[in-house]
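Please read the structure below before turning to the comments.
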Amino acid sequence: MADVLFTAEVTVPAARENAYAMFGGGRWADWTFDARTDDLRVGDAVRVAFPIGGMPLAGLARVHRVLPGQRIVLRHESPWRGRVIIDFEPDGAGTRVRLVTSVEDGSIAPLARLLGGDLADDPDEDVVRIGLLTSYSGSAGVFGPAVENCARLAVDEINADDGVNGVPLRLIVADDATTPATGLAELKRLHLRHHVDMVIAVHTSATLDAVRPYARRVGLPYFYTPVNEGGKPAARLFRWGEVPGEQLGQAVPAMMREHGGKGWYVIGNDYVWPRAVGACARGTVEAQGGRLLGERYVPLSTTDFDEVLESIEDTGAELVVNSLVGGDAAAFERQLHAAGLRRQVRSFGALLDEATRDHIGDEAAEGMWSVLGYFMDLPTPENQEFLSRYHAAYGSSAPPVSSVTESVYEGIHLYARAGRKAGTIEPTSLVGALSGVSFSGPRGEVTVTPTGRLRQPLYLAEAVAGGFRIKAEQGLAGID
């Protein structure tokens, strides 16, 4: 069930078919939330912006249904979930466009927080509270909707199997807005207001740096599952994603062999993980006989890459390591393609997953490379079964799953298995039981090692129209 949030209506000076055709192209953008899209095929991504607190807040939607020339229905994914219906009706010489936006019940709380409030939850002591700290807005907002979907799917599966020691799981979601300070405030809210028993997280390493001291001080088990820069094991902090050395060690020699280039350029956001990628790229490229010709780091939420593209062209670089995040990565690659550089420049995306590829677009992303532990196009029975359950739960136009987003699915299952093994969710006992816990899922078998890393498969892939082509399985990541 969803409640209507608001409606809007405007008459535009164009015939109905012309007004419909202009949707997503920038004309009359104010009444369609600055909507931008390449096409109106079912499932295609639509980038939008909402005026929240006097500032534009980037959001994502997906085409759900179209009646050409008459109606467009979007499923809104972030920063809240809901539906947008846009009707086009003749009005004299022009067209009356009516927009109805609704918000799902489960998104009312995050929307209230965006507007400056918070909704109290119904206390229920007989549950295991799982805090999910992720990004629904900001540069990393492209990941949030599928992260939550995968987390809820895992929770539902575990609850259908009698929960953890007979106690059901409950998921509580928080949005860090791709901002470290917001991430810390949201972690405190999860802990103090919702009394979570653990946190599973998909956000930037900048947010991790901000929240780690608090999580350590209060003793929260913290499972950080996306790609990351690595680091020393901590008592209750687990980093389970792919790390730069594993990714670049596979991608750099393969791209140099296939494309014949030796000159590299690094572009990333200016925080700890992209800089770790850059440092690793420097050593890996030189070890393979290549040369690093340029390196640039930009703030999160950068949208204009003209100077970077000029620098790439000036250096003569043939290969790029892209460690930008989410919307920034998409903007850079779209601009690189629009500038005509894709013909001579190939990119490796350290965080190129299905969500980012989707927002780059088929044409601009084609030929990019990625190395991750999971891709939707893995041709295994386990992955096909997982995707069937995912689409049965969230629909055929649900946001795509990726290594970044699917990682929480395994993370929650591993937590539940450790709790069952320990016979309790008491943090010290549960963390002590994690070593050796395995789960066979969409990416294959994953196992927590004695040092707290995650042993998992690693795949080399190339972006193609509609997804990725798996070029090779590259062995295991997370080897102690």
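For what it's worth, my numbering labels the leading residue of the sequence shown as 184, then goes sequentially.
All C-beta atoms in this analysis are idealised placements derived from N, C-alpha and C, irrespective of residue type, glycine included.
A quick note: this is a predicted structure, and the numbers were derived from the prediction, not measured.
Check: Given residue 465, which residues of its chain have a CB within under 7 Å of its CB, disregarding the five upstream and five downstream residues?
Finding: By one-based count along the sequence shown, residue 465 stands at place 282. Excluding five sequence positions before and after residue 465, the CB atoms of its chain that fall closer than 7 Å to its own CB belong to 475, given in chain order.
Checklist line | Strand pairing of residue 568, partner residues [DSSP] | finding: For the purposes of this step, residue 568 is taken as residue 385 along the sequence shown, with counting starting at 1. For residue 568, no pairing in a beta bridge is given by DSSP.
Checklist line | beta strand (DSSP E) segments (min. 3 residues) lying fully within the region 453-537 | finding: DSSP runs (the beta strand (DSSP E)) wholly in the region 453-537: 474-481, 502-506 and 529-532.
Next item on the list: Could you tell me how far apart the beta carbons of residue 596 and residue 337 are, in whole angstroms, since I believe they sit closer than 8 Å?
Entry: For the purposes of this step, residue 596 is taken as the residue at position 413 of the sequence shown. For the purposes of this step, residue 337 is taken as the residue at position 154 of the sequence shown. Right, the Cβ-Cβ distance comes to about 6 Å (below 8 Å), so this counts as a contact.
Notebook entry, point to check: Could you give the distance in angstroms between the alpha-carbon of residue 357 and the alpha-carbon of residue 471?
Noted result: Numbered from its first residue, the sequence shown carries residue 357 at position 174. Numbered from its first residue, the sequence shown carries residue 471 at position 288. Rounded to the nearest angstrom, the two C-alpha atoms are 42 Å apart.
Notebook entry, point to check: Going by the CB atoms, is the gap between residue 505 and residue 531 shorter than 8 Å?
Noted result: Taking the first residue of the sequence shown as position 1, residue 531 is located at position 348. Taking the first residue of the sequence shown as position 1, residue 505 is located at position 322. Yes; because the gap between Cβ atoms is below 8 Å, this pair is in contact.
Item checked: residue 394 versus residue 421 - alpha carbon distance -> On the sequence shown, residue 394 is found 211 positions in, with the first residue counted as 1. On the sequence shown, residue 421 is found 238 positions in, with the first residue counted as 1. Answer to the nearest angstrom: the Cα atoms are 13 Å apart.
Notebook entry, point to check: If we ignore side chains and look at the alpha-carbon of each, how far apart do residue 266 and residue 257 end up?
Noted result: Position 83 of the sequence shown, counted from the first residue, corresponds to residue 266. Position 74 of the sequence shown, counted from the first residue, corresponds to residue 257. About 6 Å.
Notebook entry, point to check: What is the rounded straight-line gap between the Cα of residue 185 and the Cα of residue 469?
Noted result: Indexing the sequence shown from 1 puts residue 185 at position 2. Indexing the sequence shown from 1 puts residue 469 at position 286. Reliability of the predicted coordinates at residue 185 is poor, the pLDDT of 48 falling under 50, and the value obtained from them is presented with this limitation in mind. When only Cα atoms are considered, residue 185 and residue 469 end up about 55 Å apart.
Item checked: Beta-bridge partners of residue 624, as assigned by DSSP -> Within the sequence shown, numbered from 1, the residue matching residue 624 stands at position 441. Paired residues: 627.
Checklist line | CB of residue 320 within 8 Å of CB of residue 284, strictly | finding: Looking up residue 320 in the sequence shown gives position 137. Looking up residue 284 in the sequence shown gives position 101. In this structure, residue 284 does not lie closer than 8 Å to residue 320 by Cβ.
Next item on the list: Identify, in the order they occur along the chain, each residue of the same chain with its Cβ nearer than 7 Å to the Cβ of residue 386, setting aside the five sequence neighbours on each side.
Entry: Residue numbering aside, residue 386 sits at position 203 when the sequence shown is read from its first letter. Short of 7 Å from the beta carbon of residue 386, and not among the five residues preceding or following it, lie these beta carbons of its own chain, in chain order: 316, 317, 318, 323, 359 and 366.
Next item on the list: Go ahead and label residue 274 buried or exposed: buried means 16 or more other beta carbons lie within 10 angstroms of its beta carbon, across all protein chains shown.
Entry: Stepping through the sequence shown from its first residue, residue 274 is reached at position 91. Exposed, because fewer than 16 other Cβ atoms sit within 10 Å of the Cβ of residue 274.
Next item on the list: From the DSSP output, in three-state form, read off residue 205 for me.
Entry: Sequence index remark: in the sequence shown, residue 205 carries index 22 (1-based). Under the three-state reduction of DSSP, residue 205 is assigned to coil, being neither helix nor strand.
Check: Quick one, which of 429, 404 and 525 has its alpha-carbon nearest residue 413's?
Finding: Mapped onto the sequence shown, residue 413 falls at position 230. Closest by alpha carbon: 429.
Item checked: Residues near residue 479 in its chain [Cβ-Cβ closer than 6 Å; skip 5 each side] -> On the sequence shown, residue 479 is found 296 positions in, with the first residue counted as 1. Excluding positions up to five away in sequence, the list reads 450 and 491.
Check: Helix, strand or coil: which one does DSSP assign to residue 386?
Finding: Taking the sequence shown and counting its residues from 1, the one referred to as residue 386 is at position 203. In the three-state scheme derived from DSSP, where H, G and I count as helix and E and B as strand, residue 386 is classed as coil.
Next item on the list: Determine the burial state of residue 486: buried for a count of at least 16 other Cβ atoms within 10 Å of its Cβ, exposed for fewer.
Entry: For this step, residue 486 is matched to residue 303 along the sequence shown. Counting Cβ neighbours within 10 Å, residue 486 comes out exposed, since fewer than 16 surround it.
Next item on the list: Could you tell me which of 363, 444 and 568 sits nearest to residue 388, measuring between CA atoms?
Entry: Position 205 of the sequence shown, counted from the first residue, corresponds to residue 388. Nearest C-alpha to residue 388: 363.
Next item on the list: Have a look at residue 636 and residue 328 and give me their C-alpha separation to the nearest angstrom.
Entry: For the purposes of this step, residue 636 is taken as residue 453 along the sequence shown, with counting starting at 1. For the purposes of this step, residue 328 is taken as residue 145 along the sequence shown, with counting starting at 1. Near 26 Å, if we compare the C-alpha coordinates of residue 328 and residue 636.
Note to self: Taking 7 Å as the limit between beta carbons, can you name the residues of its chain near residue 371, skipping five residues before and five after?
What the structure shows: As a first step, residue 371 must be located in the sequence shown, where it is residue number 188. Once the five neighbours on either side are set aside, the close Cβ partners of residue 371 are 397.
Next item on the list: Could you have a look at residue 367 and say whether DSSP puts it in helix, strand or coil?
Entry: To locate residue 367, count along the sequence shown from 1; it is residue 184. Helix.
Margin query: Please classify residue 400 as buried or exposed, where buried requires at least 16 other C-beta atoms within 10 Å of its C-beta.
Written below: Taking the sequence shown and counting its residues from 1, the one referred to as residue 400 is at position 217. It is exposed - the Cβ of residue 400 has fewer than 16 other Cβ atoms within 10 Å.
Checklist line | For residue 565 and residue 628, the rounded distance between their alpha carbons | finding: Position 445 of the sequence shown, counted from the first residue, corresponds to residue 628. Position 382 of the sequence shown, counted from the first residue, corresponds to residue 565. Each residue's Cα considered, the two are about 10 Å apart.
Margin query: Let me check understanding here. Comparing Cα to Cα, which of 538, 190, 541 and 496 lies closest to residue 525?
Written below: Position 342 of the sequence shown, counted from the start, is the residue given in the question as residue 525. Ranking 538, 190, 541 and 496 by Cα distance to residue 525 puts 496 first.
Check: Can residue 332 and residue 582 be called in contact, C-beta distance under 8 Å?
Finding: Locating residue 332 in the sequence shown gives position 149, counting from the first residue. Locating residue 582 in the sequence shown gives position 399, counting from the first residue. Taking C-beta atoms as the reference points, residue 332 and residue 582 count as a pair closer than 8 Å.
Notebook entry, point to check: Which residues bound the beta strand (DSSP E) around residue 327?
Noted result: Here residue 327 corresponds to residue number 144 of the sequence shown, with the count starting at 1. DSSP places residue 327 in no beta strand (DSSP E) but in the uninterrupted alpha helix (DSSP H) bounded by 327-343.
Check: Per DSSP, what kind of secondary structure is residue 418 in: helix, strand or coil?
Finding: Within the sequence shown, the letter at position 235 stands for residue 418. Of the three classes helix, strand and coil, the one that applies to residue 418 here is coil, per DSSP.
Next item on the list: Report the rounded CA-to-CA distance for residue 578 versus residue 520, giving the unit in angstroms.
Entry: Numbered from its first residue, the sequence shown carries residue 578 at position 395. Numbered from its first residue, the sequence shown carries residue 520 at position 337. So the two alpha carbons sit approximately 32 Å from each other.
Check: CB residue 226 to CB residue 580, shorter than 8 Å?
Finding: Residue mapping note: residue 226 aligns to position 43 of the sequence shown, counting from 1. Residue mapping note: residue 580 aligns to position 397 of the sequence shown, counting from 1. It is a contact, given that the beta carbons lie within the stated cut-off.
Next item on the list: In the DSSP assignment, find the alpha helix (DSSP H) that holds residue 429 and state where it starts and stops.
Entry: Within the sequence shown, residue 429 is the residue found at index 246, counting from 1. That run of the alpha helix (DSSP H) goes 427-442.
Notebook entry, point to check: CA-CA distance, residue 340 and residue 460?
Noted result: Numbered from its first residue, the sequence shown carries residue 340 at position 157. Numbered from its first residue, the sequence shown carries residue 460 at position 277. Cα to Cα, the separation comes out at about 35 Å.
Checklist line | Among 287, 427 and 272, the one whose alpha carbon lies nearest that of residue 260 | finding: Locating residue 260 in the sequence shown gives position 77, counting from the first residue. The shortest C-alpha to C-alpha distance from residue 260 to any of 287, 427 and 272 is the one to 287.
Note to self: Rounded to the nearest angstrom, what separates residue 314 and residue 618 at their Cα positions?
What the structure shows: Mapped onto the sequence shown, residue 314 falls at position 131. Mapped onto the sequence shown, residue 618 falls at position 435. Residue 314 and residue 618 have their alpha carbons spaced roughly 22 Å apart.
Next item on the list: Taking residue 608 as the reference, give the member of 539, 562, 380 and 191 with the closest Cα.
Entry: Position 425 of the sequence shown, counted from the first residue, corresponds to residue 608. Cα-wise, what sits closest to residue 608 is 380.
Notebook entry, point to check: How about residue 442 and residue 403: are their beta carbons less than 8 Å apart?
Noted result: Here residue 442 refers to the residue found at position 259 of the sequence shown. Here residue 403 refers to the residue found at position 220 of the sequence shown. No, the Cβ-Cβ distance between residue 442 and residue 403 is not below 8 Å.
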